[in-house]
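Residues are numbered in our numbering as their position in the sequence shown, beginning at 1, plus a constant of 629. Backbone N, C-alpha and C define an ideal beta-carbon position, used for all residues, glycine too.
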Amino acid sequence: MIKTKINTEFPHHTITQHSGDVYVADYTEQTKSNATKRGTEIFDNPPTDIEYFSVYNPNGVKMGNVVFDNQSFRYPNGNSKSQCESCLFPFNSNQDSWVLFAELKYANTPKRNKKHFEKAIKQLYKTRYHYLERGIFDKKNNCYLLISMPRQQEPFPNFNNLTPARIADLKKKHKITLRATNSVKVKDDKYLEV
């Protein structure tokens, strides 16, 4: 369902397939002054040159992945829309499947975490909306919006944006799980363990 709809609605989005653990890294800042620029990349083995977000998949669930860049979503005038780093989903998905959106922030110190988290939350919501409005998935799907701070240890300091009441409200009203973590575990095609 999700894969087919992405191919139809966003034919320029490249879907890769994975059945083991995957690691998401964003090289944008690290390579911005290099002649060869890099963006977000997904790996089947942990990269050795950058910190990353981990998706552990012990049961070998076949997953699809889309890496976003500033060409992924556009306004009619051609300007880029805001987006997160990546979207993962079960390759053989249905209305009960999960969908994961990940945003990575490479802050070295926790001093600016609050600002990073606020920006990340907006990017995650907007990317979810881009896919939801085009019917890529619907409100019945379990949607995970995950913020990763690969250079910091969990729990992340200065992150008080998510109260227990807000977390419960998002889950109840929208089937959204919003968390700040550097890893997630795939339980099956319906749920992730965060």
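Of all the options Val684, Leu717, Pro779, Ser701, which has the alpha carbon lying nearest to the alpha carbon of proline 739?
-> Considering only alpha carbons, the answer is Pro779.
Going by the CB atoms, is the gap between glycine 668 and threonine 677 shorter than 8 Å?
-> No Cβ-Cβ contact shorter than 8 Å links threonine 677 with glycine 668.
Name the DSSP bridge partner or partners of asparagine 694?
-> According to DSSP, which records beta bridges pairwise, asparagine 694 is partnered with Thr645, Leu717.
Residue interval of the alpha helix (DSSP H) (run including alanine 794) | Segment 793-803, the alpha helix (DSSP H) holding alanine 794.
Going by beta carbon distance, what residues of the same chain come within less than 7 Å of phenylalanine 785, once the five residues before and after it are set aside?
-> For phenylalanine 785, the CB contacts under 7 Å within the same chain, skipping 5 residues up- and downstream, are Pro739, Asn742, Met778, Ala809 in chain order.
Going straight from the alpha carbon of asparagine 721 to that of phenylalanine 746, what length do you get?
-> Rounded to whole angstroms, the separation of the alpha carbons of phenylalanine 746 and asparagine 721 is 32 Å.
Who are alanine 731's beta bridge partners in DSSP?
-> Alanine 731 is bridged to Ser715, Leu775.
Taking one C-beta from the region 700-712 and one from the region 786-801 each time, how about it: are there three or more such pairs within less than 8 Å?
-> In short, these stretches do not touch, since the Cβ pair count stays below three.
Residue ranges of each beta strand (DSSP E) run of no fewer than 3 residues wholly in the region 722-769, ordered along the chain?
-> Within the region 722-769, the complete beta strand (DSSP E) runs of at least 3 residues fall at 727-733.
Is it buried or exposed for threonine 633, if we count other Cβ within 10 angstroms and need 16 for buried?
-> Exposed: under 16 other Cβ atoms inside 10 Å.
If we ignore side chains and look at the alpha-carbon of each, how far apart do valine 728 and glutamine 646 end up?
-> Computed Cα separation, rounded: 14 Å.
Would you decide whether alanine 797 is buried or exposed? Buried here means 16 or more other CB atoms lie within 10 Å of its CB.
-> By the Cβ neighbour-count rule, alanine 797 is exposed, with fewer than 16 other Cβ atoms within 10 Å of its own.
Would you call serine 715 buried or exposed, if buried means 16 or more other Cβ atoms sit within 10 Å of its Cβ?
-> Buried, because 16 or more other Cβ atoms sit within 10 Å of the Cβ of serine 715.
CA nearest to the CA of glutamine 782, picked from Ile631, Ser726, Glu680, Val684 | Of Ile631, Ser726, Glu680, Val684, the residue nearest in Cα terms is Glu680.
Over the uninterrupted alpha helix (DSSP H) stretch that includes glutamate 658, give me the two end residues.
-> Run containing glutamate 658: none; DSSP gives neither H nor E here.
Measure the beta-carbon distance from valine 813 to leucine 821 and round it to whole angstroms, keeping in mind my assumption that it falls under 8 Å.
-> With 8 Å as the limit, valine 813 and leucine 821 qualify as a contact, their Cβ atoms being about 5 Å apart.
So the alpha helix (DSSP H) lysine 632 belongs to, where does it begin and stop?
-> Per DSSP, lysine 632 belongs to the alpha helix (DSSP H) from 631-638.
State the CB to CB distance for the pair lysine 751 and serine 709, rounded to an integer number of angstroms; the pair is presumed to be in contact (CB under 8 Å).
-> The beta carbons of lysine 751 and serine 709 sit about 14 Å from each other, so the pair does not count as a contact at 8 Å.
In chain order, what residues of the same chain lie with their CB nearer than 7 Å to the CB of isoleucine 765, ignoring the 5 residues before and after it?
-> Within the same chain, isoleucine 765 has close Cβ partners Ile631, Lys634, Ile635, Glu638.
Cβ-Cβ separation, lysine 748 to asparagine 770 (assumed contact under 8 Å), whole Å = About 25 Å separates the CB atoms of asparagine 770 and lysine 748; that is not less than 8 Å, and the two are not in contact.
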